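Protein chains: 2
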Amino acid sequence: MKKMNSTNQHNLETIRAICGTAHALSVIGGRWKPTILHLLLHGKMRYGRLRRVIPGISERMLVLQLRELEKDGLVRRIVYAEVPPRVEYELTEEGLSMKPMLESISAWGRYHHAKNQTEQEENEEEELAKKLEQVLGDLTP
Amino acid sequence: MKKMNSTNQHNLETIRAICGTAHALSVIGGRWKPTILHLLLHGKMRYGRLRRVIPGISERMLVLQLRELEKDGLVRRIVYAEVPPRVEYELTEEGLSMKPMLESISAWGRYHHAKNQTEQEENEEEELAKKLEQVLGDLTP
DNA sequence: TTCATTACTTCCCTTTTTGTTAGTACTTAA
DNA sequence: TTAAGTACTAACAAAAAGGGAAGTAATGAA
Chain A
1 MKKMNSTNQH NLETIRAICG TAHALSVIGG RWKPTILHLL LHGKMRYGRL RRVIPGISER
61 MLVLQLRELE KDGLVRRIVY AEVPPRVEYE LTEEGLSMKP MLESISAWGR YHHAKNQTEQ
121 EENEEEELAK KLEQVLGDLT P
Chain B
1 MKKMNSTNQH NLETIRAICG TAHALSVIGG RWKPTILHLL LHGKMRYGRL RRVIPGISER
61 MLVLQLRELE KDGLVRRIVY AEVPPRVEYE LTEEGLSMKP MLESISAWGR YHHAKNQTEQ
121 EENEEEELAK KLEQVLGDLT P
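Residue numbers (full-length UniProt numbering), protein chains in the order written: chain A, 1 to 141; chain B, 1 to 141.
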């Protein structure tokens with residue numbers, strides 16, 4: 001039997017209500033949402049094109065994430081009554097209002113990623129040096 | 001400056017932006033991480049105090065998220081050789097460098113949360129009005 | 001001796017998110 | 001008649017994230 005109101009859900013909602021950050025993250029935090037939003041920042045796009053330019057996304061996920069973004073008021077879905085069907089997606093005003101935030105996230109992410117990579121390399125070098133020392137120590141007792 | 005609007009260049013920048021964003025989100029995206037970071041922005045804190053001031057967090061989760069933040073170089077763990085034990089957590093330089101990003105996320109989150117709440121209320125009002133109309137219609141045929 | 005304090009760790013389970021695969025409706029072109 | 005294009009939907013499976021409860025070690029106080 002499932003519990004009707006999981007602690008998980010409750011915690012999530014509490015945190016979202018308390019903290020703007022948590023709310024924002026719950027809105028843009030899906031696996032494919034940053035990608036979709038970045039693409040739509042440059043203009044509207046059809047469903048099929050989104051699918052083709054996002055490498056590795058499944059149709060299910062694309063639809064799911066688009067629906068959530070729509071529900072959150074960030075994306076507008078425009079359906080043309082044609083055959084074959086044509087559906088376009090574009091950012092709403094609210095979606096566009098995310099631009100500064102998205103840019104600051106991206107900037108920090110790139111900075112941190114680069115920094116951590118060099119640190120990791122340094123650590124690897126250190127480890128290598130230690131191993132080398134050990135080996136040399138074993139060889140020259 | 002020359003005109004450099006090749007699709008290639010554009011794609012490259014999109015990918016960079018997405019990678020940066022995805023990396024950042026993977027670092028701050030845990031359920032309790034924004035809360036922890038927000039608290040530590042105001043100064044160092046002991047483990048027990050963190051646990052007490054974060055409502056609803058389990059010890060398992062607190063430790064898990066702190067360990068991840070530490071691994072990502074955002075938080076420093078300071079252990080004092082005492083009994084009973086004392087462990088303090090504080091942001092590193094890199095952790096502090098998140099401040100502008102966290103603020104822009106929080107600001108947008110609050111803005112969006114507020115806006116969506118009023119919209120939801122308006123929708124509820126509309127629904128109520130519709131229902132009222134229906135009822136009145138039924139009563140006065 | 002037993003209890004309290006502190007900062008964890010372990011085990012097991014539930015919930016949430018993401019992925020895979022197949023199928024739908026409709027029309028035009030070959 | 002069959003295939004191709006479009007924008008989905010449904011059913012099921014796997015993986016990741018999160019939660020609950022109990023246990024640990026060291027020491028001093030009652």
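Beta carbons are placed, not taken as given, at the ideal position from N, Cα and C, and that holds for glycine.
None of these values were measured; they are calculated from a predicted model.
The residue among His38(A), Gly20(A) and Asn11(A) with its C-alpha nearest the C-alpha of Ala22(B) is His38(A). With a threshold of 16 other beta carbon atoms within 10 Å, Ile36(B) meets it and is buried. Here the segment 101 to 112 of chain A lies against the segment 83 to 101 of chain B, with 3 or more beta-carbon pairs under 8 Å apart. Proximity of Leu12(A) to chain B, defined by a Cβ-Cβ separation below 9 Å, is satisfied. Bridge pairing for Arg51(A): absent [DSSP]. DSSP places Val27(A) inside the alpha helix (DSSP H), whose first and last residues are Gly20 to Ile28. Remark: C-beta atoms of Pro85(A) and Leu25(B) do not approach each other more closely than 9 Å. Under the three-state reduction of DSSP output, Leu41(A) falls in the coil class, being neither helix nor strand.
Annotation for Leu74(B): no alpha helix (DSSP H) segment contains it, and DSSP assigns it neither H nor E. When CB distances to chain B are screened at a threshold of 9 Å, the residues of the segment 77 to 104 of chain A falling below it are Glu94, Ser97, Met98, Pro100, Met101, Leu102, Glu103 and Ser104, in chain order.
Taking C-alpha positions only, Glu122(A) is separated from Lys130(A) by approximately 12 Å.
The beta-carbon distance between Leu50(A) and Tyr89(A), rounded to whole angstroms, is 7 Å. This is short enough to meet the 8 Å contact definition.
Any Cβ of chain A closer than 9 Å to the Cβ of Leu40(B) would place that residue at the interface, and such an atom is absent. At least one C-beta of chain B is nearer than 9 Å to the C-beta of Glu119(A). Beta-carbon to beta-carbon, Pro55(B) and Thr14(A) are separated by about 7 Å, close enough to satisfy the 8 Å threshold.
Assigned with DSSP and collapsed to three states, Val87(A) falls in strand. The three-state secondary structure of Arg31(A), taken from DSSP, is coil. Secondary-structure assignment with DSSP links Tyr111(A) through no beta bridge to anything.
Under DSSP, Arg46(B) takes part in a beta bridge, and its partners are Glu88(B). Interface flag for Leu25(A) against chain B is set, since a Cβ pair is found closer than 9 Å.
Under a criterion of Cβ atoms nearer than 8 Å, the residues of chain B adjacent to Ala107(A) are, in order, Gly20 and Met101. Interface residue (Cβ-Cβ distance to chain A less than 9 Å): Asn116(B) is classified as such. In terms of CA proximity to His113(A), Val27(B) leads the group Val27(B), Tyr47(B), Ser104(B) and Leu64(B). Per DSSP, Gly95(A) is one residue of the alpha helix (DSSP H) stretching across Glu93 to Leu96.
Within the segment 39 to 67 of chain A, Leu39 and His42 place their CB atoms closer than 8 Å to a CB of chain B, listed in sequence order. In the DSSP assignment, the residues bridged to Val79(A) are Val87(A).
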